[in-house]
Amino acid sequence: MKKMGFMVPAALLLVAGCEEFEGTNGPNSGRFISDLPESVLEIAAPHQNLEAVVYREEDNCYWYQHVGPVETTLLPLRTSGGNPICTRPAA
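Residue numbers (our numbering): 76 to 166.
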């Protein structure tokens with residue numbers, strides 16, 4: 076009986092690990108900008124994923140999806156000088 080009490084929580088943890096999170100391959104993957112403005116492409120630093128870029132209205136900046144060995148996360152899209160690529164807020 077003790078084995079059964081351990082197996083149920085372990086099975087739940089294994090199933091929970093299969094859940095897709097925002098920013099991966101789920102239904103939100105279509106939220107990326109398909110055609111970035113030419114001005115953004117010109118100033119974006121190399122080695123950033125320009126195929127998976129979003130624009131956040133909260134900070135008026137572009138962010139790209141970085142797929143690392145441990146996690147997938149959004150990082151600010153930056154210029155070669157290291158500055159974030161943002162737009163001026165509407166007046």
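All residues carry an ideal CB built from backbone N, CA and C; glycine is no exception. Quick caveat: nothing in here was measured; it's all calculated off a predicted structure.
Glu117 to Asn135 span [Cα, whole Å]: Position 42 of the sequence shown, counted from the first residue, corresponds to residue 117. Position 60 of the sequence shown, counted from the first residue, corresponds to residue 135. In a straight line, the C-alpha of Glu117 is about 18 Å away from that of Asn135.
State the Cα-Cα distance for the pair Tyr139 and Gly157, rounded to the nearest angstrom. Taking the sequence shown and counting its residues from 1, one reaches residue 139 at position 64. Taking the sequence shown and counting its residues from 1, one reaches residue 157 at position 82. Roughly 14 Å separates the two Cα atoms.
Contact set for Arg131: own chain, Cβ-Cβ below 7 Å, skip 5 residues either direction: Translated into positions along the sequence shown, residue 131 becomes position 56. Around Arg131: Trp138.
Can you say whether Glu94 is buried or exposed, counting buried as having 16 or more other CB atoms within 10 angstroms of its CB? For this step, residue 94 is matched to residue 19 along the sequence shown. Only weak support is given to the placement of Glu94: the predicted model assigns it a pLDDT of 45, under 50, and the value that follows is read from those uncertain coordinates. Label assigned to Glu94: exposed.
Whole angstroms is fine: what's the gap from Arg106's alpha carbon to Pro121's? Numbered from its first residue, the sequence shown carries residue 106 at position 31. Numbered from its first residue, the sequence shown carries residue 121 at position 46. About 22 Å.
Between which residues of its own chain and Pro164 is the CB-CB distance below 6 Å, once the five residues before and five after are set aside? Against the sequence shown, residue 164 aligns to sequence position 89. Taken in chain order, the residues that qualify are Asn135.
From Glu133 to Pro159, what does the alpha carbon distance come to, in whole angstroms? Counting from 1 along the sequence shown, the entry for residue 133 is found at position 58. Counting from 1 along the sequence shown, the entry for residue 159 is found at position 84. Distance between the alpha carbons of Glu133 and Pro159: 14 Å.
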